[in-house]
Amino acid sequence: MYGLIASAALIATASAVTTNYTSTVDPTKISIPSTPQTTSYDVTTECTYYQPPVPINLGDWPTNWKVATTNNMNQTAEFQALYNSIDWTKAPNVQPHTMGADGALSTTGYDVTNDPDCWWTASGCVTPKFPGVLKDISACAEPETWGLTYDDGPNCSHNAFYDFLQQQNLKASMFYIGSNVMNWPYGAQRGVKDGHHIAVHTWSHPMMTTLTNQDVLAELYYATKMIKYVTGLTPLYWRPPLGDVDDRVRWIASQLNLTAIIWNLDTDDWAAGVTVTVQQVQQNYQDFITMGTNGTFTNSGNIVLSHEINNMTMGFAETYIPQIKKAYKNILDVATCMNITHPYVESSVSFPAFSSSNGVSPGASGSSSSGGSSSSSGSAPSSTRSNAALVVAAVFACIAFF
Ligand SMILES: *[C@@H]1O[C@H](CO)[C@@H](O)[C@H](O)[C@H]1NC(C)=O
Ligand SMILES: *[C@@H]1O[C@H](CO)[C@@H](O)[C@H](O)[C@H]1NC(C)=O
Ligand SMILES: *[C@@H]1O[C@H](CO)[C@@H](O)[C@H](O)[C@H]1NC(C)=O
Ligand SMILES: *[C@@H]1O[C@H](CO)[C@@H](O)[C@H](O)[C@H]1NC(C)=O
Ligand SMILES: *[C@@H]1O[C@H](CO)[C@@H](O)[C@H](O)[C@H]1NC(C)=O
Ligand SMILES: *[C@@H]1O[C@H](CO)[C@@H](O)[C@H](O)[C@H]1NC(C)=O
Ligand SMILES: *[C@@H]1O[C@H](CO)[C@@H](O)[C@H](O)[C@H]1NC(C)=O
Ligand SMILES: [Zn+2]
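If you use mature numbering (1 follows the signal peptide of the UniProt record, and there is no 0), the sequence shown corresponds to residues -16 to -1, 1 to 386, in order.
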């Protein structure tokens, strides 16, 4: 990733931006007290509010679970300086999308066939058409490799799940929502301490292409700032909620040095019992496991969308991970599978390159836990990129699950 000329040029552009990402937390020395919230497996106990390990002054942050310009954040000197440091005349001239009467994103008036804005929701597009914009990552390049990712955390009730991942010696890419980090700071610190790859999943989980430029910037900026404040790490990767990204949103993310990580397989786990049946989600997992041995991933790997959003989605992970381990050569966080040794601005925490991952990611070095490996080793890498045929079909369903 770092070798790409496009990203080097982009980083030069992004350096004009002013930010205020500060923290008193050393990500290499996180220590989490044993309290009922941090150790219990009972949801009610785990999700009882506690005194945060760092003072959170509500006046300094957007309103929890509201678009990140709320609480007058867009009128602060800090945000104005950030906003004004960006040359908006260079931004793609793309209008925000709208929601239709059915509550889904509307493609009315958009040229879906030519897809001028590389709008993932309309087309599955991951290669930007606008120059100087960071390209999405949508699959681990390595063959027979499962890219392990969990969205919407940190969930207050994730103790059993994180203990399970630790026992399995697995690291995942964890896409954290800023509002959840604010509410459950020990949950976010646990992710870092366990050596997972932490990335940004916005402040309030909106459909990003429907927002104004200012709202898009605030959603990314304040979520990143909260993760830095609580964990000491500034992520360089993010995931758009429901995959809703286009070149306008990518361009704004690029100003903050944030690269989007999408997926090419969707478990639909969060929708189980909501818009799809539990059986359908189980079938999805079974199909993706079959793909590990039937030739689908002979030349390249996947990135699988799944969630830590509730007990059921975390339960699917516990049920299927043993079979996934058997069917795939590697189960890795996205930083490791893509050789992203520095997924954060801070150099104190780094990740192994794929070649030294030995099949299962040892996770972050610099964090207090990093394990060895029990699985078979990674084989000869392939230059074949993602399998376009597997890119998930456009999803127009928009269910307000928050
Ligand atoms: C983006 O990266 C460049 C180069 O590493 C750095 O100088 C700049 O401050 C970063 N910008 C932000 C907003 O983090
Ligand atoms: C701040 O954001 C709100 C909500 O999006 C908007 O109504 C208002 O005009 C913005 N204020 C400034 C100074 O940009
Ligand atoms: C930086 O953010 C903190 C809160 O996180 C705030 O108290 C401080 O005023 C900000 N500094 C600047 C220069 O905006
Ligand atoms: C592999 O299995 C999946 C899931 O059952 C199926 O959709 C796909 O067609 C299979 N591919 C091959 C090459 O058999
Ligand atoms: C966290 O998980 C619990 C169930 O395990 C669920 O009730 C709750 O809504 C989740 N919280 C968030 C913010 O997703
Ligand atoms: C789901 O909740 C039960 C208790 O209600 C707990 O024992 C179990 O460990 C949880 N599973 C996961 C994966 O969090
Ligand atoms: C990761 O590194 C290996 C070995 O150095 C290389 O073969 C592979 O192409 C790299 N993968 C990516 C996605 O850059
Ligand atoms: Zn999400």
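A virtual CB, placed ideally from N, CA and C, is assigned to each residue, including glycine. Note that the structure is a prediction, hence the values are computed from the model and not measured.
Taking all protein chains shown into account, do 16 or more other C-beta atoms lie within 10 angstroms of the C-beta of asparagine 143, making it buried, or fewer, making it exposed? buried
Taking the beta carbon of methionine 83 as the centre, do at least 16 other beta carbons fall within 10 Å, making it buried, or is it exposed? exposed
Within the structure, which residues are defined as neighbours of ligand 8 by a Cβ-heavy atom distance below 5 Å, reported in chain order? Asp135, Asp136, Pro225
Just the Cα atoms here: how many angstroms apart are lysine 13 and histidine 181? 16 Å
I'd like to confirm the pairing. Which residues does DSSP put opposite aspartate 131 in its beta bridges? This sequence places glycine at residue 131; aspartate is not what is there. Answer by DSSP bridge pairing, in chain order: Ile287, Leu316.
In the DSSP assignment, the beta strand (DSSP E) including isoleucine 161 goes from what residue to what residue? Unbroken run through isoleucine 161: none, as it is neither H nor E.
Excluding five sequence neighbours on each side, which residues of the same chain lie with their C-beta closer than 6 Å to the C-beta of methionine 158? So the list reads Tyr134, Gly137, Gly175, His180, Ile182, once near-sequence residues are dropped.
Verify the contact flag: isoleucine 211, CB atom, against every heavy atom of ligand 5, threshold strictly below 7 Å. no
In three-state terms, what does DSSP make of serine 354? The pLDDT assigned to serine 354 is 41, lower than 50, so where the model puts this residue is not dependable, and the model offers no usable value.
Option nearest valine 22 by Cα separation, candidates Pro306, Asp253, Pro37: The amino acid occupying residue 22 in the given sequence is threonine; valine does not appear at that position. Closest option to threonine 22, judged by alpha-carbon separation, among Pro306, Asp253, Pro37: Pro37.
Serine 360 - DSSP class collapsed to helix/strand/coil: Caution applies to serine 360, whose pLDDT of 30 falls short of 50 and renders its modelled position unreliable; the value that the coordinates give is listed next. Here serine 360 sits in coil by DSSP.
Please name the residue in Val1, Ser15, Thr2 whose C-alpha comes closest to that of valine 214. Selection Val1, Ser15, Thr2 evaluated against valine 214 yields Ser15 as nearest (Cα-Cα).
Which class does alanine 256 belong to by DSSP, given the choice of helix, strand or coil? strand
What residues in its chain sit with their C-beta under 7 Å from that of glutamine 151, if we drop five residues either side in the sequence? none
In the DSSP assignment, the alpha helix (DSSP H) including alanine 237 goes from what residue to what residue? 231 to 239
Given that a residue counts as buried once 16 or more other Cβ atoms are within 10 Å of its Cβ, and exposed if not, what is leucine 220? Taking all protein chains in view, the Cβ of leucine 220 is crowded by 16 or more other Cβ atoms within 10 Å, so the residue is classified as buried.
Going by DSSP, what residues sit across from glycine 137 in a beta bridge? Tyr160
Name, in chain order, the residues that DSSP records as bridge partners for methionine 83. Leu89
Could you compute how far the alpha carbon of proline 20 sits from the alpha carbon of glutamate 30? Roughly 7 Å separates the two Cα atoms.
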